[in-house]
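A short write-up of the structure that comes next.
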Amino acid sequence: MPKDYYKILGLEKNATADEVKKAFKKLAMQHHPDKPGGDEKKFKEINEAFQVLNDADKRTKYDQFGSDFESQGGWGASGGNWEDIMNAFRNQQGGGGFSGFSGGDAGDIFGDIFGFGGGGRSRRGGQQARGRDIQVDVELDLKEAAFGIEKEISLRKQSACDVCRGTGNEPGAKMEICAICKGQGQMVQQQRTFLGVMQTVVQCSACYGRGEKPGNICKHCGGDGVMAKSSTIKVKIPAGIDEGESIRLSGHGEAAPHGGGAGDLYVRAHIKPQKVFHRDGPDVLTESEISFSQAVLGDKIMVPTLDGELKIIVPEGTESGQLIRLKGHGITKLGHTTRGDHYVKIKIRVPKKLSRDVRKKLEEIKDEI
125 MPKDYYKILG LEKNATADEV KKAFKKLAMQ HHPDKPGGDE KKFKEINEAF QVLNDADKRT
185 KYDQFGSDFE SQGGWGASGG NWEDIMNAFR NQQGGGGFSG FSGGDAGDIF GDIFGFGGGG
245 RSRRGGQQAR GRDIQVDVEL DLKEAAFGIE KEISLRKQSA CDVCRGTGNE PGAKMEICAI
305 CKGQGQMVQQ QRTFLGVMQT VVQCSACYGR GEKPGNICKH CGGDGVMAKS STIKVKIPAG
365 IDEGESIRLS GHGEAAPHGG GAGDLYVRAH IKPQKVFHRD GPDVLTESEI SFSQAVLGDK
425 IMVPTLDGEL KIIVPEGTES GQLIRLKGHG ITKLGHTTRG DHYVKIKIRV PKKLSRDVRK
485 KLEEIKDEI
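For the sequence shown, the working numbering assigns the number 125 to the initial residue and increments by one for each residue that follows.
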């Protein structure tokens, strides 16, 4: 059945070329198969309609012949290859399709692929490289993890040059506008494809995206703006952090050369193995051993907690494995001020050897206990 390309794109027959492009961009972003919820069949249909209506000659023939357009050339004569189209989209996204798309400007993405849009982006300085993220491990005991602590961490990393402060320029010398990109920090690369001219904005390789270059290269760092240095940083470990969890310190990673932004530092927690305390999220578990008589008659015993030793009551008739809850004596919940609970697991100690008198007494009362 003949297809209504105007209807597919949601347009009237008198739609302008600009309206055709806008309608295609909107629908293609919505139905692209590499995007969650995408529809490959629908996307093919949208692309087919765009290839005809975006070409003045094909559109004229389509308007003239109507339902006979396909049999007289139409889409099949255009030489369009579906795999090439899909690869063009995926290559534009670095091989990952739309998996990294998070709601940015659709016009920027489709403008680069199809050659429309891309205007109004001139500015001093392009997108510069960002420094490398780094990770360090910090070892904590359970009390430090439970209540939080400030730790001093030593590391060696690429940092901004002390002399030029990361500019790569000798102090006092002026920065010069880059003659290659004319101060824009970026260049437009064009490539002709079957879809038309594809253009991509790339960082200027001469000024590394800054739009300007050192007038006098720093002798200390050779113009890179970075050097390997050892440094010490104080890190506040939050109360309640657990094994393997990390703290991100923005801008404390490695500095990028040529004045780019610094990466982030990730501090990952490792909790030392504990002999007495066993952690279960915000809760703590310990075991306490009592005698058979204490279990039967009840008693008061001292137990270790994160707050020091506490006296607790063992009720009469306590059974082995029974838990006694100490409310609010556990670990601070991460991001909160409240604490979990401490549970004391009771183990009844059964004597292996009994004196003759004790055995005789137990024999007398065994039916009662």
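Here a beta-carbon is modelled for each residue, glycine too, at the ideal position from N, C-alpha and C.
For clarity, every value in this text was computed on a predicted model and none was experimentally measured.
I need the boundaries of the beta strand (DSSP E) containing ASP423, first residue and last residue. Secondary structure note for ASP423: its beta strand (DSSP E) is the uninterrupted segment 423-429.
ASN171, DSSP secondary structure in three states: Helix at ASN171.
Contact set for GLU336: own chain, Cβ-Cβ below 7 Å, skip 5 residues either direction: Once the five neighbours on either side are set aside, the close Cβ partners of GLU336 are MET299, GLU300, ILE301, CYS302, GLY307.
When you compare only the Cα positions, how much space is there between GLU488 and THR429? Cα-Cα distance, rounded: 40 Å.
How big is the Cα-Cα spacing for GLN398 and GLU433? Each residue's Cα considered, the two are about 17 Å apart.
Which one of ARG449, GLY445, LYS471, GLN327 has the shortest CA to CA distance from ASP465? It is ARG449 whose Cα lies nearest to the Cα of ASP465.
Does DSSP classify PRO381 as helix, strand or coil? PRO381 falls in the helix class under three-state DSSP.
Rounded straight-line distance, which links the Cα of GLY333 to that of ILE174: According to the sequence shown, residue 174 is Phe rather than Ile. Put simply, the backbone Cα of PHE174 is about 35 Å away from that of GLY333.
Which residues in the same chain have their Cβ closer than 6 Å to the Cβ of VAL359, if we skip the five residues on either side of it in sequence? Cβ contact annotation for VAL359 (same chain, cutoff 6 Å, sequence separation greater than five): LYS275, ILE277, VAL391, in chain order.
Please go through the region 279-362 and give each complete beta strand (DSSP E) segment of 3 or more residues, from N-terminal end onward. Counting only runs of 3 or more, we get 299-301, 310-317, 320-327, 336-338, 350-361.
Keeping to the same chain, check which residues put their C-beta closer than 8 Å to that of GLY441; ignore five residues upstream and five downstream. Cβ within range, chain order: ALA419, VAL420, GLY422.
Taking the beta strand (DSSP E) that LYS484 belongs to, which residues open and close that run? Element bounds for LYS484: not the beta strand (DSSP E) but the alpha helix (DSSP H), 480-489.
Reduced DSSP category for SER415 - H, G, I as helix; E, B as strand; rest coil: SER415: strand per DSSP, three-state reduction.
Which value, in whole angstroms, describes the spacing of the CA atoms of GLY294 and HIS382? Per the sequence presented here, residue 294 reads as Glu, with Gly not at that position. Their backbone Cα atoms lie some 13 Å apart in a straight line.
Pick out whichever of ILE365, GLY296, CYS305 has its Cα sitting closest to the Cα of LEU264. Nearest of ILE365, GLY296, CYS305 to LEU264, Cα basis: ILE365.
Contacts around ARG245, its chain only, beta-carbon distance under 6 Å, and the 5 residues preceding and following it disregarded: Confidence at ARG245 is low in this model, with a pLDDT of 36, below 50, so the placement of that residue should be treated as unreliable; the coordinate-derived value is given next. Here the set comprises nothing.
Straight-line CA distance for GLU169 to GLN315? Near 25 Å, if we compare the C-alpha coordinates of GLN315 and GLU169.
Pair within 7 Å by beta-carbon distance, ILE437 and LYS451: No. Outside cutoff.
For VAL482, does the count of other Cβ atoms within 10 angstroms reach 16, so buried, or fall short, so exposed? By the 16-neighbour rule on beta-carbons within 10 angstroms, VAL482 is exposed.
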